[in-house]
Amino acid sequence: MLPQFNWLNPTKVIFGPGRLAELPTTIEQAVGADSRVFLVTGRSNLRESGVLQQVLDSIGSSRVTLFDQITPFPGPKVVEDALDDCRESSSQVVVAIGGGSAIDVGKIVSVLVAHEGTCQEYLTGERKISHHGLPFIAAPTTSGSSSEVTSGAAVWDWEAKRSINLIHPGMFPDVAIVDPDLAMSMPKELAAMTGMDAFTSAFESYWSIEAEPVSDALDLQVIRLMSTHLESSCNKGDSDSRSWCSLASTMSGVAYSNSHPNVCHAIGSPLTLYWEVAHGQAVGITLPTMLRWTAPAISSKLPALWDALGVNG
Numbered sequence: 000m001l002p003q004f005n006w007l008n009p010t011k012v013i014f015g016p017g018r019l020a021e022l023p024t025t026i027e028q029a030v031g032a033d034s035r036v037f038l039v040t041g042r043s044n045l046r047e048s049g050v051l052q053q054v055l056d057s058i059g060s061s062r063v064t065l066f067d068q069i070t071p072f073p074g075p076k077v078v079e080d081a082l083d084d085c086r087e088s089s090s091q092v093v094v095a096i097g098g099g100s101a102i103d104v105g106k107i108v109s110v111l112v113a114h115e116g117t118c119q120e121y122l123t124g125e126r127k128i129s130h131h132g133l134p135f136i137a138a139p140t141t142s143g144s145s146s147e148v149t150s151g152a153a154v155w156d157w158e159a160k161r162s163i164n165l166i167h168p169g170m171f172p173d174v175a176i177v178d179p180d181l182a183m184s185m186p187k188e189l190a191a192m193t194g195m196d197a198f199t200s201a202f203e204s205y206w207s208i209e210a211e212p213v214s215d216a217l218d219l220q221v222i223r224l225m226s227t228h229l230e231s232s233c234n235k236g237d238s239d240s241r242s243w244c245s246l247a248s249t250m251s252g253v254a255y256s257n258s259h260p261n262v263c264h265a266i267g268s269p270l271t272l273y274w275e276v277a278h279g280q281a282v283g284i285t286l287p288t289m290l291r292w293t294a295p296a297i298s299s300k301l302p303a304l305w306d307a308l309g310v311n312g
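Rendered as C-alpha cells:
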C-alpha cells in the first residue's frame with residue numbers, strides 16, 4: 000500500500016545554459032516593468048567574471064540597489080545590513096545571484112522586509128515569520144546548496160558557535176533560474192565541496208523518516224547523476240558534467256525541501272563552526288559512517304540505492 004504524504008514546492012524552475020538572460024523578463028512578470036530591484040551577490044566573483052555588469056546592463060543599473068557584501072557562512076550582521084539596505088531602497092523584488100550564502104541572505108531579506116523588527120529578533124525566536132514578503136528570484140552559481148528551491152536559510156553565528164536556520168513556506172523562492180553557465184567558473188575544489196553537499200543531502204533525504212515516493216525518486220536520480228558526473232565536473236570542468244551537476248543539485252533541493260537533511264548536517268555544522276571545515280566537506284566526511292548506521296533501517300530501499308550508485312550491494 001502506498002503511504003500517505005504531503006508535498007510542497009512552489010518554486011518555478013527555469014533551467015538551461017544561457018537562461019540568466021531571461022532575468023529581466025522574469026522580473027517584469029513578477030512585479031511589472033520599471034520596478035526597483037534589490038540585488039544580492041558575493042563580493043567579487045560575479046564582478047570579476049563580467050556577469051554582474053551584464054546583469055546590471057540587462058535590468059538597467061538605475062533600477063538596482065546592489066548589496067555585494069556577502070561572505071561565506073554569513074553572520075547576523077551581514078543579514079541585518081542587507082535588510083537595512085533593502086528597506087531603505089524601497090525595492091519591489093529581491094534577486095540573489097551567487098552561492099548558497101547569497102541566496103540564503105536574499106531569501107531572508109525578501110521575507111523580513113515585509114515584517115517589523117530586526118533580523119536578530121527572528122533569529123532568537125522573539126518574533127516569528129508570519130507571511131510572504133517581496134517576490135524573490137534566485138540564480139545559483141554553484142551546484143550544491145540547492146537553496147534556490149528550498150524554504151530555509153542558514154545564518155552562522157560565529158561568536159556563539161551555532162548555525163541558525165530560518166524556515167517558513169514564504170521563504171521558497173518564487174523563481175529559480177538555474178543556468179549551468181554560471182557554474183563554469185567554479186574551481187575544482189569548490190565544485191567538489193558543493194557537489195558533495197547536494198550528494199550528501201540526497202542520502203539524508205533518502206533515509207529520512209520523512210521520505211516518501213516523490214523524494215525517493217528524486218534522491219535516487221541525484222545520487223545517480225552525481226555518481227556519474229561529479230568527478231568529471233571537478234577534474235575536467237566541462238560544460239556537460241557541470242550542467243548535469245547543476246540539475247542534480249536543484250533536484251536534491253526539491254527532494255529535501257520535503258524530506259529534510261538530518262544527521263550529516265547536524266554533525267557537519269559544528270565542524271564548520273569550531274574548525275572551519277568547509278560545509279560540503281564537513282557533511283561529506285560523515286556520509287560513509289552514517290550510511291552504515293542507517294542502512295539496517297532502510298534495508299528494503301538499499302537495492303535501489305546500490306543501483307543508483309552503480310555498485311553491487
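Following numbering that gives the first Met the number 0 from start to finish, the sequence shown increments by one per residue and tops out at 312.
Positions of the beta carbon are idealized from the N, C-alpha and C atoms, including for glycine.
These figures come from a predicted structure and were not determined experimentally.
- request: Take the Cβ of phenylalanine 4 as the centre, count every other Cβ of all protein chains shown within 10 Å, and call the residue buried at 16 or more, exposed below.
  value: Along the sequence shown, one-based indexing puts residue 4 at 5. Exposed, since its Cβ has fewer than 16 Cβ neighbours within 10 Å.
- request: Say yes only if the C-beta of methionine 250 is nearer than 7 Å to one or more non-hydrogen atoms of the ligand MG, and no if none qualify.
  value: The ligand MG is not part of the structure shown, which contains no ligands of any sort.
message: For methionine 185 and methionine 0, what's the separation of their Cα atoms in angstroms?
response: Here the question's residue 185 lines up with position 186 in the sequence shown. Here the question's residue 0 lines up with position 1 in the sequence shown. Methionine 185 and methionine 0: Cα-Cα distance of roughly 45 Å.
- prompt: The alpha helix (DSSP H) spanning tryptophan 305 covers which residue range?
  reply: Here residue 305 is taken as the residue at index 306 of the sequence shown, counted from 1. Note, tryptophan 305: alpha helix (DSSP H), 301–308.
- request: Compare the C-alpha of glutamate 87 against each of Gly143, Gly97, Leu65 and name the closest.
  value: As a first step, residue 87 is located in the sequence shown; it is residue number 88 there, counting from the start. Taking only the C-alpha atoms, the option nearest glutamate 87 is Leu65.
Reduced DSSP secondary structure (H/G/I, E/B, other) of glycine 279: Counted from its first residue, the sequence shown places residue 279 at position 280. Three-state DSSP puts glycine 279 in a helix.
- prompt: valine 63 to threonine 10, Cα distance in whole Å?
  reply: For the purposes of this step, residue 63 is taken as residue 64 along the sequence shown, with counting starting at 1. For the purposes of this step, residue 10 is taken as residue 11 along the sequence shown, with counting starting at 1. The straight-line gap from Cα to Cα measures roughly 23 Å.
message: Give me, in chain order, the residues of the same chain whose beta-carbon lies closer than 6 Å to that of histidine 264; leave out the 5 immediate sequence neighbours on both sides.
response: Walking along the sequence shown from the start, residue 264 turns up at place 265. So the list reads Val282, once near-sequence residues are dropped.
task: Report the three-state DSSP secondary structure of aspartate 178 (helix, strand or coil).
output: Position 179 of the sequence shown, counted from the start, is the residue given in the question as residue 178. Aspartate 178: coil per DSSP, three-state reduction.
- prompt: So, is alanine 7 buried or exposed, given that buried needs 16 or more other C-beta atoms within 10 angstroms?
  reply: Translated into positions along the sequence shown, residue 7 becomes position 8. Residue identity check: residue 7 is leucine in the sequence provided, not alanine. Counting the other CB atoms within 10 Å of its CB gives leucine 7 a total below 16, which places it among the exposed residues.
- request: Express the C-alpha separation of glycine 267 and threonine 193 in angstroms, rounding to a whole number.
  value: As a first step, residue 193 must be located in the sequence shown, where it is residue number 194. As a first step, residue 267 must be located in the sequence shown, where it is residue number 268. C-alpha separation (whole angstroms): 14 Å.
message: Once DSSP output is grouped into helix, strand and coil, what is the label at alanine 113?
response: Locating residue 113 in the sequence shown gives position 114, where the first residue counts as 1. It is coil, neither helix nor strand.
N-terminal and C-terminal residue of the alpha helix (DSSP H) that leucine 246 is part of: As a working note, residue 246 is residue 247 in the sequence shown. Taken as a continuous stretch (DSSP letters only), the alpha helix (DSSP H) holding leucine 246 covers 238–255.
- request: Enumerate in chain order the residues of its own chain whose CB-to-CB distance from leucine 272 is below 8 Å, with the five nearest sequence positions on each side excluded.
  value: Locating residue 272 in the sequence shown gives position 273, counting from the first residue. Correct list, in chain order: Trp155, Trp157, Lys160, Arg161, Ser162.
message: Measuring only the C-alpha atoms, how far is leucine 133 from valine 262?
response: For the purposes of this step, residue 133 is identified with residue 134 of the sequence shown, where counting begins at 1. For the purposes of this step, residue 262 is identified with residue 263 of the sequence shown, where counting begins at 1. Computed Cα separation, rounded: 33 Å.
- request: Specify the secondary structure class of phenylalanine 66 as computed by DSSP and reduced to three states.
  value: Counting from 1 along the sequence shown, the entry for residue 66 is found at position 67. Note: phenylalanine 66 maps to strand in three-state DSSP.
- prompt: Which class does alanine 324 belong to by DSSP, given the choice of helix, strand or coil?
  reply: Coverage of the chain is limited to positions 0 through 312, which leaves residue 324 absent and any answer about it impossible.
Bridge partner(s) assigned by DSSP for tryptophan 155: On the sequence shown, position 156 is the one that residue 155 refers to. DSSP lists Ser162 as partners of tryptophan 155.
Test item: CB-CB of serine 13 and isoleucine 176 under 8 Å: Walking along the sequence shown from the start, residue 13 turns up at place 14. Walking along the sequence shown from the start, residue 176 turns up at place 177. What sits at residue 13 in the sequence shown is isoleucine, not serine. Yes, these two residues count as a Cβ contact at 8 Å.
Segment contact, 8 Å Cβ cut-off, at least three pairs: the segment 104–113 with the segment 23–40: yes
query: Given alanine 153, which residues of its chain have a CB within under 6 Å of its CB, disregarding the five upstream and five downstream residues?
result: In the sequence shown, counting from the first residue as 1, residue 153 sits at position 154. These residues qualify, in order along the chain: Asp103, Ser162, Asn164.
- prompt: In whole angstroms, what separates the C-alpha of glutamine 68 from that of tryptophan 305?
  reply: Translated into the one-based positions of the sequence shown, residue 68 becomes position 69. Translated into the one-based positions of the sequence shown, residue 305 becomes position 306. Looking at the two C-alpha atoms, the distance is approximately 43 Å.
message: Considering just the uninterrupted stretch of the alpha helix (DSSP H) at alanine 29, what are its terminal residues?
response: Here the question's residue 29 lines up with position 30 in the sequence shown. Boundaries of the alpha helix (DSSP H) harbouring alanine 29: 22–30, taken from the DSSP string.
- request: With distances taken Cα to Cα, identify the nearest neighbour of phenylalanine 135 among Glu230, Ala101, Ser144, Pro71.
  value: Here residue 135 refers to the residue found at position 136 when the sequence shown is read from its first residue. Closest by alpha carbon: Ala101.
message: Whole angstroms are fine: how far does the CA of glycine 97 sit from the CA of glutamate 230?
response: For the purposes of this step, residue 230 is identified with residue 231 of the sequence shown, where counting begins at 1. For the purposes of this step, residue 97 is identified with residue 98 of the sequence shown, where counting begins at 1. Between glutamate 230 and glycine 97, the C-alpha separation is close to 22 Å.
message: My output table needs one value for leucine 55: the three-state DSSP class, helix, strand or coil.
response: The residue given as residue 55 occupies position 56 in the sequence shown. Helix.
- prompt: Which whole-angstrom value is the C-beta distance of alanine 182 and serine 142, which I expect to be below 8 Å?
  reply: On the sequence shown, position 183 is the one that residue 182 refers to. On the sequence shown, position 143 is the one that residue 142 refers to. About 5 Å separates the two Cβ atoms, so the contact holds.
- prompt: When the distance is taken between beta carbons, is serine 245 closer than 8 Å to alanine 201?
  reply: Along the sequence shown, one-based indexing puts residue 201 at 202. Along the sequence shown, one-based indexing puts residue 245 at 246. Cβ distance not < 8 Å, so alanine 201 and serine 245 don't count as in contact.
query: For tyrosine 255, which of Ala191, Ser34, Val221, Thr25 has the nearest alpha-carbon?
result: As a position in the sequence shown, residue 255 is number 256, starting the count at 1. It is Val221.
message: When you compare the CB positions of serine 146 and alanine 138, do they come within less than 8 Å of one another, or not?
response: Taking the sequence shown and counting its residues from 1, the one referred to as residue 146 is at position 147. Taking the sequence shown and counting its residues from 1, the one referred to as residue 138 is at position 139. Against a cut-off of 8 Å, the Cβ pair of alanine 138 and serine 146 comes out as no contact.
- prompt: Candidates Phe72, Ser240, Asp80, Val93: which alpha carbon is nearest lysine 187's?
  reply: Taking the sequence shown and counting its residues from 1, one reaches residue 187 at position 188. Among Phe72, Ser240, Asp80, Val93, the Cα nearest to that of lysine 187 is on Ser240.
- prompt: Given that a residue counts as buried once 16 or more other Cβ atoms are within 10 Å of its Cβ, and exposed if not, what is glutamate 125?
  reply: Reading the sequence shown from its first residue, position 126 is the one you call residue 125. Exposed, by the Cβ-count rule.
query: Would the beta-carbon of glycine 279 fall within 8 Å of that of methionine 225?
result: Counted from its first residue, the sequence shown places residue 279 at position 280. Counted from its first residue, the sequence shown places residue 225 at position 226. No, the pair does not count as a contact, with Cβ atoms beyond the cut-off.
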